[in-house]
Amino acid sequence: MTAAPASPKASPTMSAPDYRPTVFLPKTDFPMKAGLPEREPQILERWQQADLYAQLRAARQGREKFIYHDGPPYANGDMHIGHALNHVLKDAVVRTHSLLGKDVPYVPGWDCHGLPIEWKVEEAYRAKKQNKDEVPAKEFRAECRAYAQHWVNVQSQQLQRLGINGDWKKPYLTMDFASEATIVSELLKFAESGQLYRGAKPVMWSPVEKTALADAEVEYHDITSTQIDVAFEIVEAPNAPELVGAHAVIWTTTPWTIPVNQGIAYGPEVEYLLVHVTELDGSIRRYLVAEPLAVEFFGRLQLMERAQRGEIKRFDSSGPDFKGANLAGAIARHPMHHLGGFFANPRPFLPGDFVTTDQGTGLVHMAPDHGEDDFALCKAHGINPVFAVEGDGRYRADWLWLGGESKNVINPTLNAPDGPICSDLKAAGALLSAGPFSHSYPHSWRSKKKVIFRCTPQWFVPMDAGSPTLREKAMAAIAATQFTPDKGRNRIGSMVEGRPDWVLSRQRAWGVPITLFVDRKTGDYLVDKSINQKIVERFREQGVDAWTPEFAAELLGDRVDQYEMITDILDVWFDSGCTHVYVLESGHWPEYRWPADLYLEGSDQHRGWFQSSLLQSCATRGRAPYNAILTHGFTMDANGRKMSKSEGNTINPLDVMKTYGADILRLWALSVDFTEDHRIGDEILKGVADQYRKLRNTFRYLLGALDGWSEDERLPVSEMPALERWVLNRLAVLSGELKAAVLAYDFNRYTSLITGFVQDDLSAFAMDVRKDSLYCDAPTATARRAWRTVLDITFHALTRWLAPVLVFTAEEVWGTRYPDAGSVHLLEWPEIDAGWQDETLAHQFILARKLREEAYLKLEEMRRAKEIGSFLEAVVTIETTNEDRFVAMQALDLTELLLVSRVTLVKGASEALTVGKSDDAKCARCWRFLPVNPETELCGRCTDVVGEMVHDA
RNA sequence: GGGCCGGUAGCUCAGGGGUUAGAGCACACGCUUGAUAAGCGUGGGGUCGAAGGUUCAAAUCCUUCUCGGCCCA
120 MTAAPASPKA
130 SPTMSAPDYR
140 PTVFLPKTDF
150 PMKAGLPERE
160 PQILERWQQA
170 DLYAQLRAAR
180 QGREKFIYHD
190 GPPYANGDMH
200 IGHALNHVLK
210 DAVVRTHSLL
220 GKDVPYVPGW
230 DCHGLPIEWK
240 VEEAYRAKKQ
250 NKDEVPAKEF
260 RAECRAYAQH
270 WVNVQSQQLQ
280 RLGINGDWKK
290 PYLTMDFASE
300 ATIVSELLKF
310 AESGQLYRGA
320 KPVMWSPVEK
330 TALADAEVEY
340 HDITSTQIDV
350 AFEIVEAPNA
360 PELVGAHAVI
370 WTTTPWTIPV
380 NQGIAYGPEV
390 EYLLVHVTEL
400 DGSIRRYLVA
410 EPLAVEFFGR
420 LQLMERAQRG
430 EIKRFDSSGP
440 DFKGANLAGA
450 IARHPMHHLG
460 GFFANPRPFL
470 PGDFVTTDQG
480 TGLVHMAPDH
490 GEDDFALCKA
500 HGINPVFAVE
510 GDGRYRADWL
520 WLGGESKNVI
530 NPTLNAPDGP
540 ICSDLKAAGA
550 LLSAGPFSHS
560 YPHSWRSKKK
570 VIFRCTPQWF
580 VPMDAGSPTL
590 REKAMAAIAA
600 TQFTPDKGRN
610 RIGSMVEGRP
620 DWVLSRQRAW
630 GVPITLFVDR
640 KTGDYLVDKS
650 INQKIVERFR
660 EQGVDAWTPE
670 FAAELLGDRV
680 DQYEMITDIL
690 DVWFDSGCTH
700 VYVLESGHWP
710 EYRWPADLYL
720 EGSDQHRGWF
730 QSSLLQSCAT
740 RGRAPYNAIL
750 THGFTMDANG
760 RKMSKSEGNT
770 INPLDVMKTY
780 GADILRLWAL
790 SVDFTEDHRI
800 GDEILKGVAD
810 QYRKLRNTFR
820 YLLGALDGWS
830 EDERLPVSEM
840 PALERWVLNR
850 LAVLSGELKA
860 AVLAYDFNRY
870 TSLITGFVQD
880 DLSAFAMDVR
890 KDSLYCDAPT
900 ATARRAWRTV
910 LDITFHALTR
920 WLAPVLVFTA
930 EEVWGTRYPD
940 AGSVHLLEWP
950 EIDAGWQDET
960 LAHQFILARK
970 LREEAYLKLE
980 EMRRAKEIGS
990 FLEAVVTIET
1000 TNEDRFVAMQ
1010 ALDLTELLLV
1020 SRVTLVKGAS
1030 EALTVGKSDD
1040 AKCARCWRFL
1050 PVNPETELCG
1060 RCTDVVGEMV
1070 HDA
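Convert by adding 119 to the 1-based position in the first sequence; the result is the number in our numbering.
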């Protein structure tokens, strides 16, 4: 003890001396109030100055490695609650495995290219009334780069504030020149191995901005379009010959797509009928429409009114109903077939699952250039897009119908009932109706102008080419990967199984170019290893700005005119799909190796990073870049609903850290079931803060109880009483359970095991029982030394075990006891002797605690009856007929364990537990009810201890 | 609309055919006043999202519905 208690002071009352100064109360400077928001930044600063991350790398040098590879968040805003949860989990994985003694490097990264950053930079231009197109590309990209770098810096600070221990001095960025060079080099591997092809796909296209738009760049407005019914004459119908000569009717709100029609889709299960219209001259026209839509069709054609007005003789829909499946093999011709060429080609009927009877005629005109369903169905039947509409929205000059028309196809006058399309159709006898139609239609977010669907050439990675195919390789890799939780396998598996080819190209500025040259004659892309090598080298020096026509000329020399230089950029998922290459494999971080043991992200990344990395790696390396995947769910508000700014139910992790501290946020993240969606809110955070307080107070008590501890005091386990050995047994069991939880990434279990032990075993039981010994026994007493020895062991175990969770508090606790010992985070798993486990003891204590519970129920009754206050005033008598039970109880010091004045064991005629009040007096020092010396009011033990002190003094 | 997943006390979580569904926290009441803005004890609190079904027996297995989530359309 550093401060020996003084001698008893004379009590102010005459009755008894004040023995308080002779009691060894806990003593510590460790404050009860945490003040985390102020304290944490100070601790963080110490770590930064000492370069804790580097220290940890040095401390684990040469140890077994655990390769965790960090997925890159997007660098465009403040950290949100999802980032916080995600990074706390990552940090917990890294720290717990590090605690197990492994070398676990953690290089954080950021995703820096892509559209959202481009937008933000463009927005700034617009604010300055500048036009993006007038800014040189290089300058524009420099601004994107600066924008991304800004948010990398901000997020780095925020994540460090959260206590994430990583290599913040040397993170990886997808926009590092070395990364950009690697991405290009990986792309060229696809090219060299023939895993790229140029195809086409309908995308949202803005004719005004002459660019493709992402879904997020599109907004919907109500507009009025022209709806038309158009008749296509059926010329062949092998399964329904009676249809030849009849007209299939299609309905559309985009008349401009009729000049690009290439077929008609029907629903195989839809019921169709023929409408007969008898003209005044007696001739009959027959129209094929879906039965459920016939009445609406009559309405649009005003057949009833026309019949009443005498414009037609009559109409009826008699005739056999039949299923669409009978249309298989049928052929129609385009209303403008007389123009020849493209228009003279047959227009086949194709079965489409997407055909419904909600609207229209149940027959859908197919323009593969301008619709996703159209494109897919036509492609499946060998019909390809014709690219009749150009980037500015006009028909190609050489198009047979309306070629050279000066208006954009989406122009209302072009589509109007009196416009050229309708006029020509009418002249051809094919226009059955034309009128206004109100609906919701996509517009460009920026120009507010209408957009169109338009097929454009794109670069693809084939999923099903070669043997084994990429899909097969990916499926095999999924089977070989460990998933936590296991349902992730199913999820990514069904996605990969059904996904289409990977579209790699984007028509954008801020990204890594697709560095290909396409032969203008053959359409083949150039595969030249020496040129490719030069490209990669140049990118390493200059990054994405290297891709210029000048560089192309330099590479190709006099062949430059023979090739088209591709200016598309890569899908950013390709960037992030390559992180395993430049982080794990490049040697830029020599502490890493390929592949990773673990990837850890939200479950949305089954479609994102997990998949892009999988496909990239399977295509270039034949296996996944990871051995295991850990996924977490999403953070909802207190009511289990998704957070959104417009709902005003968001929780900002920066605010939580300001109000409660990072350790509270971390404890929250590691307490919830992260494998599912989980909640956060004020009530929840208050609960977590309460939990934290309990842990903090336990540490405070441990520190106070261990005040003045010296190694001389340590007692061998063999000399310890049962309670001490039982606590060691609990630590040994706990150690095994915690290790299992770490290996299973079960942090919820990890934290609840610790808090359970602290609350139930330590605070409510062992510490309560041993207060008497700690406070009142002589410092040299074996019992007190035994308890302090166990407290010391417990202290070392708990600080280490909690260090990955309460990173700041653990450091504060450790530093309070060992101010000069360095960081708690460099330490390893506590040394727990497996021999401490003791089944017999464990069973004895289950019995003891049951008796305690039973006794307390009865004592509580006495207390309610005001017969006693403290349980120390009570005596307990336990009677049993059972010999084994008697022996077991005898082995325990039940008076101590029950915290009463005396427990009497009786071997008698019944099983009973009775309680009563002690006849003894209260010892003025230890407050137990025992025989006391009436003069000093001290029990025997306290008489000795106090006597010793007076003697020493 | 489709695929996948989830709903157990006010909160965070256990339990995955077999007594009367548990723990910690919160809450109420009490003890202690030598962990004191702490510690200890006792207590109340549940239609296990809903409805059907299988079974001697269902929180647990099946079906439907509902609410919520992620990913698609």
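Glycine residues also receive a C-beta, built at the ideal position from the N, C-alpha and C atoms. On a predicted model such as this, the values are computed, not experimentally measured, just so you know.
- Selection Met151, Tyr138, Val142 evaluated against Asn816 yields Met151 as nearest (Cα-Cα).
- For the 8 Å CB-CB criterion, Leu822 and Thr935 form a contact.
- Judged by DSSP in its simplified three-state form, Ile283 adopts coil rather than helix or strand.
- Here DSSP, grouped into helix, strand and coil, assigns Ser552 to strand.
- Taking a contact to require three or more Cβ pairs closer than 8 Å, the segment 605 to 620 and the segment 580 to 595 qualify as touching.
- Tyr339 is classed as exposed because its beta carbon has fewer than 16 other beta carbons within 10 Å across all chains shown.
- Contact check between the segment 512 to 521 and the segment 589 to 601: fewer than three CB pairs, one atom from each, fall below 8 Å, which does not count as touching.
- From the listed residues Ile783, Gly941, Ala356, Glu241, the smallest Cα separation to Ala444 is found for Ala356.
- Tyr682 is a Cβ neighbour of Val637, given a cutoff of 8 Å.
- Gln279 has its alpha-carbon roughly 25 Å from the corresponding atom of Gly727.
- In the DSSP assignment, His206 falls within the unbroken alpha helix (DSSP H) covering 200 to 218.
- Per the C-alpha coordinates, the member of Leu1018, Gly630, Ile383, Leu970 positioned closest to Arg260 is Gly630.
- Looking at the DSSP output, Ala451 sits in a beta bridge with Ile353, Arg466.
- Within the DSSP bridge table, the entry for Phe434 names Val396 as partners.
- By the neighbour-count criterion, in which 16 or more other beta carbons inside 10 Å mark a residue as buried, Ile783 falls on the buried side.
- Thr739 counts as buried, since no fewer than 16 other beta carbons sit within 10 angstroms of its beta carbon.
- For the 8 Å CB-CB criterion, Ala447 and Asn527 do not form a contact.
- One thing to note: Gln626 has its Cβ no nearer than 8 Å to the Cβ of Thr371.
- Under the DSSP assignment, Val223 falls outside any alpha helix (DSSP H); it carries neither an H nor an E label.
- Taking the Cα positions, Leu853 is about 42 Å away from Asp137.
- Residue environment for Pro1050: exposed (fewer than 16 other C-beta atoms within 10 angstroms of its C-beta).
- The alpha helix (DSSP H) runs of length 4 or more contained entirely in the segment 838 to 867 are, from start to end of the chain, 841 to 862.
- Three or more Cβ pairs closer than 8 Å define a contact, and the segment 341 to 356 meets that threshold against the segment 545 to 558.
- Counting of Cβ neighbours within 10 angstroms places Asn272 among the exposed residues, the total staying below 16.
- The beta carbon of Gly696 sits closer than 6 Å to the beta carbons of Ser731, Ser732, Gln735 from its chain, once the five residues preceding and following it are set aside; these are given in chain order.
- The three-state secondary structure of Gly759, taken from DSSP, is coil.
- Counting C-beta pairs with one atom in each stretch, the segment 481 to 492 and the segment 375 to 384 have three or more that are closer than 8 Å, which means they touch.
- Taking the C-beta atoms as reference points, Asn503 is found no nearer than 8 Å to Trp375.
- With a cutoff of 8 Å on beta-carbon distance, Pro191 and His202 are scored as not near each other.
- For the 8 Å CB-CB criterion, Ala993 and Val1019 form a contact.
- Pro632 is bridged by DSSP to Ile688.
- Of the residues Phe884, Ala715, Asp197, Asp1071, the one whose Cα lies closest to the Cα of Arg971 is Phe884.
- Thr754 places its beta carbon less than 8 Å from that of Leu204.
- By the C-beta density criterion, Gln577 is buried, having at least 16 other C-beta atoms within 10 angstroms.
- Closest in alpha carbon position to Thr698, among Gln249, Lys239, Ser304, Ala953, is Ser304.
- DSSP places Thr603 inside the beta strand (DSSP E), whose first and last residues are 601 to 603.
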